[in-house]
Amino acid sequence: MHNDPLVDAPVREVVLESWRRCRSVAVDPARNAAPAADDARIRLLREQHRQLQDAAHPVLVGLKEVLQASGSIIMLTDPCGTIIDLHGDTKTRHAGEQVNLAAGGRWDEKVMGTNAIGTAIAAQAPVQIYASEHYCLDVKRWTCAAAPILDHTGTTLLGVIDVSGVKDTFHGHSLGLVIAAAKQVEAVLASRERELQARLFDQSMDCFVRYGSDFVALFDRRGRLLKSNGRQQQAREQYGVQIPSIVGARIDALDLGLSADERAIRMPQWLRRDWLKVLGDASGELGCVLIIPLAQVAARVAAASASAPREDGRCAETDPFADIVGESAALLAAKDRARRLAPLDLPVMLLGETGVGKEVFARAIHRADVRSDAPFVAVNCGALTRELLASELFGYVEGAFTGARRHGLPGKFELADGGTLFLDEIGEMPLDMQPHLLRVLQDGIVVRLGDSRERQVTVRIIAATNRDLRGEVAAGRFREDLFHRLCVTSIRLPSLRERPADIDRIVDHLNERLAQKYGCPVKPVSAEVRLAFLRYRWPGNVRELQNVFEGVFALSDGGVIELASLPEELLATATGEAQASTANDGLLDGARLEDLERQAILAAISNAKGNMSRAARALGISRSTLYVKLGALRERVDLQAHRH
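Reading the sequence shown from the start, the letters are residues 22 to 665 in the numbering used here.
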């Protein structure tokens, strides 16, 4: 043992470990050049790694001038260490060709011993190898630095960026340079991967809805599981299949980068070809969806569907979206998208102004999910201090802080396990808390405050914000990686002023609900009150309308809700309309015609006692045209009030 030259060798640990690996696989230290691929093989490798090369090429070219001045070369390799692109100093490139440090040269550690490319691959970490630290004798005149390029999950090696030069000209800053270059390439690839995944999710949405009674799983181009509808156990019981349940788990046979023959060789015995459907668009193949028919489940669902009363294709009494009142195109589009997303195991971001009903939508999505019986837990991220928010989300153990409850307390993630966690006002979350949230979303692991024990949770996230999160990311107030994790899918909820035709419907709905709450008959709403509601801009949206209407409902002494019961801000709107009418008397004939039209509309609505359909028929126009005219009327009144 004392004769072993690797015992107590005066070299860095990373080099010593590499030397040991090289000796264990009998690398020949006298090897004078790397094995080289022929031109056809190089073309094939470049085609196989086209996306990697396209992302890295601008980075390599951008550093070309710097490296020429320093007498170095920069290169890109595939995951096996074969060089597929190279730039830099011409003289150094000629020297590199002597040892096949050139396009097609393979610098795997098992072949060429300790070198920056091969050792970075083996260690999965950036490394710099100085001249004498190389394992093979003919490479010891070189010094090089290399950094691995990983995929967006940080688990799959895509390639390596290396900077090399003869030891007399090489500079010490090269390790930092290759690390920065690799990170830049990773960012470009991650951005493209997110775009591809977004398109893949859109392509797969119909499959999850159409085959909701079967087992459905979506895989990316590399065969990694992105999501499923949670029916793995039923598929295992019915077919004995071995389906991964962890997001990111891989089935090699679904890697679309492999040839058809390679995929056939790797195809598991349980996997039938007719269960697979490749998805793609104009850009090419994006991934595939696995659909395993579950006959018993499908039969039960069909039987339940046949016996249930239906209206518009859904059970009228159990429609999860029944509480979202309105028939405007913008609202119907939002409800339709929410229905399609509900059965999918995907994060959903609800976007819209304060008061548009984001939590109502979140609860409806949860009720429409296959896990509707599981918990729904809501947290307002903007209503708590940083410390309280951390304990609310992650929980704590006894003694974690002053005032902590005896025996501790589970957090919202644990309480929502198996169900849905609604993160309202996510844009208000403190920046330093966002990495902790990201970790739970990525790993599904929660650690309570003051504890070291890891707890596994499975939670669907629905988040909501009234902020422009992209702008928050650009301003550095919101993490980009968290943004992309939460915004896999999004739904924009329209403001109330964007759908004035729904105000009457909401008022009637509230009227019936409040009559039940207070144990009294429905109270008629005067035409003047309905018009005041239509003219008002509702900055607080549906929530403000609910609060205002409950107030006037509760305070109205007579049988009819009259204008006098409205709060000051709505009365001011009605008064402003009257003043605008007086001011119109001195205007031109065109304006008088507008005033006559306004008077006709108001008279028709008044005669119809607020019934908009009847008023529209009296005017000889459609109900939708009446609402358009009312919207235009409100804009004219706002403009005139502003001028005065």
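Even for Gly, the Cβ is constructed at its ideal location relative to N, Cα and C.
I need the straight-line Cα distance from Arg44 to Leu37, nearest angstrom please. 11 Å
Where does Phe499 sit, in a helix, a strand or coil, going by DSSP? coil
Quick test of your reading: Asp502 and Leu459, contact by CB under 8 Å. State the CB separation rounded to the nearest angstrom. 6 Å
Cβ-Cβ distance between Gly416 and Leu405 below 8 Å: no
Cα separation between Ser225 and Val199? 38 Å
In terms of residues, what are the limits of the beta strand (DSSP E) holding Ala58? No beta strand (DSSP E) holds Ala58; DSSP gives it neither H nor E.
Return the bridge partner residues of Pro431 from the DSSP annotation. Gly416
If I follow the unbroken alpha helix (DSSP H) through Thr486, where does it start and stop? That residue, Thr486, is in no alpha helix (DSSP H); its beta strand (DSSP E) goes 481 to 486.
Gly439 and Val467 closer than 8 Å at C-beta: no
Under 6 Å Cβ to Cβ from Ser645, same chain only, skipping five residues before and after it: list those, please. none
Spatial distance of Ala211 from His173 (CA atoms): 5 Å
Kindly indicate which three-state DSSP category Asn562 falls into: helix, strand or coil? helix
My assumption, with CB atoms under 8 Å, is that Ile312 sits in contact with Asp235. Please give the rounded CB distance. 6 Å
Going along the chain, which residues of its own chain have a beta-carbon closer than 7 Å to the beta-carbon of Arg242, five neighbours each way excluded? Leu277, Gly278, Glu306, Leu307, Gly308
Are there 16 or more other CB atoms within 10 angstroms of the CB of Glu413, so buried, or fewer, so exposed? buried
Thinking just about the alpha-carbon of each residue, which of Val206, Leu591, Asp295 is nearest to the one in Leu171? Val206
From the DSSP output, which residues share a beta bridge with His108? Ile95
Assuming Gln72 and Arg213 make a contact with CB atoms under 8 Å, what is their CB distance in whole Å? 7 Å
Assign Ile345 to one of three DSSP states: helix, strand, or coil. coil
Taking 8 Å as the threshold (C-beta atoms), are Ile264 and Ala256 in contact? yes
As a quick exercise: from Tyr260, Leu409, Ala57, Ile182, pick the residue whose alpha carbon is nearest that of Val120. Ala57
Looking at the structure shown, is Trp128 part of a helix, part of a strand, or coil, going by DSSP? coil
Burial state of Ala303, where buried means 16 or more other Cβ atoms lie within 10 Å: exposed
Throw me the rounded Cβ distance for the Trp128 and Thr164 pair, which I believe falls under 8 Å. Incorrect: roughly 14 Å between the Cβ atoms, too far for contact.
Beta-carbon proximity check, Ala484 vs Leu531, cutoff 8 Å: no
Quick one: grab the DSSP three-state call for Leu583. The question names Leu, yet the displayed sequence has Glu at residue 583. Of the three classes helix, strand and coil, the one that applies to Glu583 here is coil, per DSSP.
How about Arg513 and Gly376: do their beta carbons lie closer than 8 Å? no
Look at the alpha carbon of Ala399 and the alpha carbon of Leu362, and state the distance between them as a whole number of angstroms. 19 Å
What whole-angstrom Cβ distance do Leu81 and His108 have, given they're in contact under 8 Å? 5 Å
Contact check, Glu130 vs Ile142, beta carbons under 8 Å: yes
Please say whether Gly497 and Glu449 have beta carbons closer to each other than 8 Å? no
For Pro169, the nearest candidate out of Gly420, Val187, Ala202, Val543 (CA to CA): Ala202
Residues that Trp163 bridges to, as DSSP identifies them: Val187
Does Pro50 come out as helix, strand or coil in the three-state DSSP assignment? coil
Distance check for Ser586 and Arg481, CA to CA, integer angstroms please. 44 Å
Going by alpha carbons, who is nearest to Leu300 out of Asp110, Leu221, Ile622, Pro314? Leu221
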